[in-house]
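Residues in the sequence shown are numbered from 1340 upward in steps of one, following the numbering used here.
Every residue gets a Cβ at the ideal spot worked out from N, C-alpha and C, and that includes glycine.
Nothing here was measured: the structure is a model prediction, and the numbers come from that model.
Scroll down for the structure; my scribbles are underneath it.
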Amino acid sequence: MSTTTDPLRQLSDEGVAIWLDDLSRARLQSGNLAALVRDRAVVGVTTNPTIFQKAISGSAVYDEQLRQLALRGVDVGEALRSVTTYDVRWACDVLKPVWEASGGSDGRVSIEVDPRLSHDTERTLAEARALWWLVDRPNLFIKVPATKEGLPAISQLLAEGISVNVTLIFSLERYDAVMDAFVEGIERARAAGLPLEPIESVASFFVSRVDTEIDKRLDKLGSDEAKALRGKAAVANARLAYQHYEQVFGGERWKALEAVGGRPQRPLWASTGVKDPSYDDTMYVVDLAAPGTVNTMPEATLEAVADHGVVKGDQVRGSYAEAQQVLDALAAVGVDYDDVVQALEDEGLDKFEVSWNELIDSVSGELEKLGAEVAPDGSTSPAGDGPSAASK
């Protein structure tokens, strides 16, 4: 274990890749992202529809680009792709040195397919390919939700050499299916003669939302046995996911791919901001430290870890029996695990779709307003789909 007193550096030394779960053009313009890479050991970025909705809605920093798009008369779908891919491309460029230094494993930035397509395999594939082409950076991840319809899309994208962040994983059963889809995709890429080294993937296993949903059910049950289990489910669930990860990527099927350059799909702990103020605000980071993992944090969680996180080394391997006891105890008091994880997947997709629809409404309004501001003679000349170079 490292002797450094910087908790974030300690996590890095334990084999945890620290990623930021946020992105905005203001963060890019101010140099904040570059500063987090320099000072906070950040080596990757994740985004989602809610993050973009918060970043773009009501922010003047997007007006110039939206004005140019309004001049061209583009529809809102094209406008959203132009705006979001511009930010992600910029972030990829900021993180390119990290990508190079890590041999391609880190320095990655994720962009998610339109969440309204999560139950349509072919449209997911079409959108994912379009985003891959639009961003046009080797350190990009395309985020695809781990729905049943998303699994074949994940395999196909990997088979084409497109790196994928599989998101919204809550259950151990679905995680097994995700890893199987990943291995199948890498096998197909190999059969097609593609080099395997550039193809990366992470599996985003959600954490805090599990406690939020299960704690609500435990409170409703109200027994002493139920109350004693509050705040224990999420970490136990994630630790067992890591056990499944070890089994798959220690197996012979994967070893054959690893021998020819295949890289394992790393577990990524997502939704690591603590929702219950009575819990330690660093628990979903320090209690899930393990080699070969990624932890993507909102900035508040990142700063909490930097300020008072106590890194205790590997907290996952060797914990599997205890973690299984937690899930068994939840079942014994009447918590239906399968119902919980399905409810969480449905809720997660609904939230992202709501955010995306709100973003569509906001951008539509901005396009109409900014388009109306253009002089009748068209004197405001278009300058492409992004801000001028001077704005960087």
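Put residue i into one of helix, strand or coil per three-state DSSP.
i: Glu1707; result: helix
i: Ala1722; result: Here the model assigns Ala1722 a pLDDT of 37, short of 50, so the residue's position is not dependable, and the following value carries that caveat. In the structure shown, Ala1722 sits in coil (DSSP, three-state: anything other than H, G, I, E or B).
i: Ser1441; result: coil
i: Glu1333; result: Residue 1333 cannot be examined here, being either before or after the span of the chain that is shown, 1340 to 1731.
i: Glu1451; result: strand
i: Phe1545; result: strand
i: Ser1540; result: strand
i: Thr1385; result: coil
i: Leu1607; result: strand
i: Val1693; result: helix
i: Phe1391; result: helix
i: Pro1346; result: helix
i: Pro1616; result: coil
i: Ile1501; result: coil
i: Lys1435; result: helix
i: Pro1637; result: coil
i: Ser1730; result: Confidence at Ser1730 is low in this model, with a pLDDT of 46, below 50, so its placement is unreliable and the value that follows should be read with caution. It is helical.
i: Ala1628; result: coil
i: Gly1717; result: At Gly1717, the pLDDT of 47 sits below 50, so the modelled position is not reliable; the number obtained from the coordinates is stated separately. Reduced to three states, the DSSP call for Gly1717 is coil.
i: Gly1480; result: Contrary to the premise, residue 1480 reads as Phe rather than Gly in this sequence. Three-state result, Phe1480: strand.
i: Leu1359; result: strand
i: Leu1490; result: helix
i: Leu1507; result: strand
Please work out which residues of its chain come closer than 7 angstroms, Cβ to Cβ, to residue i, disregarding the five sequence neighbours upstream and downstream, and give them in chain order.
i: Leu1736; result: Absent from the model: residue 1736. The displayed extent of the chain is 1340 to 1731, so no value can be given.
i: Asp1445; result: Ala1356, Val1382, Gly1383, Val1437, Trp1438
i: Ile1390; result: Asp1361, Leu1362
i: Glu1692; result: Pro1454, Arg1455
i: Ala1728; result: For Ala1728, the pLDDT reaches just 41, beneath the cut-off of 50, and the residue's location in the model is therefore unreliable, although a value from the coordinates is still provided. The answer is none, since no qualifying residue turns up.
i: Ala1565; result: Leu1557, Val1672
i: Glu1661; result: none
i: Tyr1401; result: Arg1364, Ile1395, Val1422
i: Gly1291; result: Residue 1291 cannot be examined here, being either before or after the span of the chain that is shown, 1340 to 1731.
i: Glu1466; result: Val1452, Asp1453, Leu1456
On the premise that residue j lies in contact with residue i, defined as a C-beta separation below 8 angstroms, what is that separation, rounded to the nearest angstrom?
i: Arg1578; j: Val1655; result: 5 angstroms
i: Val1702; j: Val1415; result: 5 angstroms
i: Trp1608; j: Val1546; result: 5 angstroms
i: Pro1637; j: Gly1612; result: 5 angstroms
i: Arg1476; j: Arg1428; result: 6 angstroms
i: Leu1470; j: Val1433; result: Wrong, their Cβ atoms sit about 18 angstroms apart, outside the cutoff.
i: Ser1540; j: Ser1502; result: 6 angstroms
i: Ala1485; j: Val1517; result: 5 angstroms
Who are the Cβ neighbours of residue i in its own chain at under 6 angstroms, not counting the five residues just before and after it?
i: Val1665; result: Lys1571, Ala1575
i: Ser1363; result: Ala1394
i: Thr1460; result: Glu1488, Pro1491, Ala1492
i: Asp1345; result: none
i: Arg1447; result: Gly1383, Asn1478, Phe1480
i: Trp1494; result: The residue asked about is misnamed: residue 1494 is Ser in this sequence, not Trp. These residues qualify, in order along the chain: Ala1520, Glu1523, Gly1524.
i: Tyr1584; result: Pro1606
i: Ser1610; result: Phe1545, Val1546, Ser1547, Arg1548
i: Pro1603; result: Phe1588
i: Ala1409; result: Leu1706, Leu1709, Gly1710
Evaluate residue i with the Cβ neighbour count: other Cβ atoms within 10 Å of its Cβ, from every protein chain shown; 16 or more gives buried, anything less gives exposed.
i: Ser1341; result: Residue placement at Ser1341 is flagged as unreliable, the pLDDT there being 45, under the threshold of 50; a coordinate-derived value is accordingly withheld.
i: Arg1556; result: buried
i: Ser1369; result: exposed
i: Ala1629; result: buried
i: Gln1586; result: exposed
i: Arg1548; result: buried
i: Lys1594; result: exposed
i: Pro1534; result: exposed
i: Asp1563; result: exposed
i: Gly1687; result: buried
i: Asp1554; result: buried
i: Pro1721; result: Because Pro1721 carries a pLDDT of 40, less than 50, the predicted location of this residue cannot be relied on, and the following value inherits that uncertainty. With fewer than 16 Cβ atoms within 10 Å of its Cβ, Pro1721 is classed as exposed.
i: Leu1709; result: buried
i: Ser1617; result: exposed
Ordered along the chain, which non-local residues of its own chain (more than five positions away) have a Cβ less than 8 angstroms from that of residue i?
i: Gln1392; result: Ser1694, Trp1695, Glu1697, Leu1698, Ser1701
i: Leu1464; result: Ala1492, Gln1495, Leu1496
Using 7 angstroms as the cut-off, classify the Cβ of residue i as near or not near the heavy atoms of the ligand ADP, replying yes or no.
i: Gln1582; result: This structure lacks the ligand ADP; in fact it carries no ligand of any kind.
Q | 4 or more residues per run - each alpha helix (DSSP H) lying fully within the region 1547 to 1605 | A | Qualifying alpha helix (DSSP H) stretches, in chain order: 1547 to 1560, 1563 to 1566, 1572 to 1588, 1591 to 1597.
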